[in-house]
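Novice: First, the structure itself, so that you have it in front of you.
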Amino acid sequence: MKLKRMISILLSSATLLCFAACSDGGAVTTDDPQTPEITETEPETTEPETTEPETTEPGTTEAPETEPEIKYAGLDSGIVRDGTPKKYVCLCFDDATQQDLKIIERCKKYNYYDVTFFISTGLYGVDWSAAVGVPHKRFTKKEVQSGIYDGFDLASHTLNHLPLDQYQNNVKKVKSELENDAKNIYKLTGIYPVVMAWPGGDPNVTRTLMKIAYENTSIRLGRGTTSTHKFDLPKEFLWLQPTAEISEATLFSDFQRFLDAECTEDMLFFCWGHGYELDIYHSYDKLEQFIKMIAEAEGVERVTVSEFYQLFKDEIPSYIEEN
Ligand SMILES: [Zn+2]
């Protein structure tokens, strides 16, 4: 009883921390995302990290080359959807804090690269440890440029990790937070992100924000924070609710249920979390055990969040307009 209560308290704390320190997150549409204008300046932004405009070399007389085609994330999963129902597994972590090194080390140990990390490129090097109460220091730009996330999926957590509902549906500001982060990630990796995790989690997500994101940015999937403990595919991408959270007591039993379930239609096990939770709960061994379990599982398709979006974008709408 006492143990149960302790777990309950710890989970409540984790949820609060997730909401405090992190993010998360309906006209049926299958069209392409807004094409980002990579080379344009964003004169109205004052954010610390914004995309610099490409400039033509002085003295050049040749006509500029045709713009190279933008490479979007998640297009090279190698998975063919052949009509056979499959079990898909996504694992992702928010905030790009120093603890990600320990996560990545364990992923590499099991050759498991189908993992997504959500980063806020306006907060390089920022230390929230005092506010959060546990080590919470984000990587510097230099550290990220050194290739920490090479081979993994790097996706958007918005530029400054501010709850987007605070902008009172100001399209320009919401767009700036999403699109400038995406552009910075593109500059870093050469791959344009199409998915994000809502900062502040579900309490800060609204359908209006989803619509703004849908109509004004290239982001096509936004992850929420409420565990469903189910394996259904999402109904719409811009507020996808995960199956489980990495620190939940039911994580392993949920995953085992997923592995044991008969696969008569496509299924999804979607787990999310933060690196700093592993410090709070001293749960790196548990993480490794979970990574090993996923990496060695038979009969599952391990995909990044971006890959999952790309595989299902023609069937699952990003946003459903409500009547
Ligand atoms: Zn976050």
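No gaps in the numbering here: position 262 of the sequence shown is 260 in this note's numbering, and each next residue is one more. Cβ coordinates follow ideal geometry from the N, Cα and C atoms, glycine included. Remember, predicted model here, so these are calculated numbers, not experimental data.
(1) Using 8 Å for Cβ pairs, my map puts I217 next to V192. What's the rounded Cβ distance?
(2) Using 7 Å as the cut-off, classify the Cβ of H155 as near or not near the heavy atoms of ligand 1, replying yes or no.
(3) Provide the residue(s) that pair with E243 in DSSP beta bridges, ordered along the chain.
(4) Output the boundary residues of the beta strand (DSSP E) element that contains Y86.
(5) Where P66 and R205 are concerned, what is the direct C-alpha to C-alpha distance, given to the nearest angstrom?
(6) Taking contact to mean 3 or more Cβ pairs, one atom from each stretch, closer than 8 Å, check whether the region 232 to 248 and the region 97 to 107 are in contact.
(7) So which of G131, C88, M208, N182 has the shortest CA-CA distance to E319?
(8) Within this structure, are the beta carbons of L219 and L231 separated by less than 8 Å?
(9) Residues in the same chain with beta-carbon distance under 7 Å from N202, minus the five sequence neighbours each way, listed in chain order, please.
(10) Leaving out five residues on either side along the sequence, give the residues of the same chain with a beta carbon under 8 Å from the beta carbon of N321.
(11) State the Cα-Cα distance for the pair C261 and T215, rounded to the nearest angstrom.
(12) Spatial neighbours of N330 within its chain, please: CB distance less than 7 Å, with the 5 preceding and 5 following residues excluded, ordered by chain position.
(13) Just to confirm before moving on: does the CB-CB distance between S316 and Y212 stay below 8 Å?
(14) Counting along the chain, where does the beta strand (DSSP E) carrying R221 start and finish?
Specialist: From the atom records:
(1) Position 219 of the sequence shown, counted from the first residue, corresponds to residue 217. Position 194 of the sequence shown, counted from the first residue, corresponds to residue 192. Right, the Cβ-Cβ distance comes to about 6 Å (below 8 Å), so this counts as a contact.
(2) As a first step, residue 155 is located in the sequence shown; it is residue number 157 there, counting from the start. Because some heavy atom of ligand 1 lies under 7 Å away, the Cβ of H155 counts as near it: yes.
(3) Looking up residue 243 in the sequence shown gives position 245. The partner list for E243 (beta bridge, DSSP) reads W270.
(4) In the sequence shown, counting from the first residue as 1, residue 86 sits at position 88. From DSSP, the beta strand (DSSP E) with Y86 extends over 85 to 92.
(5) On the sequence shown, position 68 is the one that residue 66 refers to. On the sequence shown, position 207 is the one that residue 205 refers to. Taking the straight line from one Cα to the other gives about 34 Å.
(6) No contact exists between the region 232 to 248 and the region 97 to 107.
(7) On the sequence shown, position 321 is the one that residue 319 refers to. The shortest Cα separation from E319 among G131, C88, M208, N182 belongs to M208.
(8) Counted from its first residue, the sequence shown places residue 219 at position 221. Counted from its first residue, the sequence shown places residue 231 at position 233. For L219 and L231, no; Cβs fall outside 8 Å.
(9) Translated into positions along the sequence shown, residue 202 becomes position 204. Within the same chain, N202 has close Cβ partners P161, L162, D163, W196.
(10) Locating residue 321 in the sequence shown gives position 323, where the first residue counts as 1. Its pLDDT being 49, under 50, N321 is placed unreliably in this model, and the coordinates cannot settle the point.
(11) One-based indexing of the sequence shown puts residue 261 at position 263. One-based indexing of the sequence shown puts residue 215 at position 217. One C-alpha to the other measures close to 35 Å.
(12) Residue 330 lies beyond the range of the chain shown here (-1 to 321); nothing can be said about it.
(13) For this step, residue 316 is matched to residue 318 along the sequence shown. For this step, residue 212 is matched to residue 214 along the sequence shown. Contact: yes.
(14) In the sequence shown, residue 221 corresponds to position 223, counting from 1. Note, R221: beta strand (DSSP E), 219 to 221.
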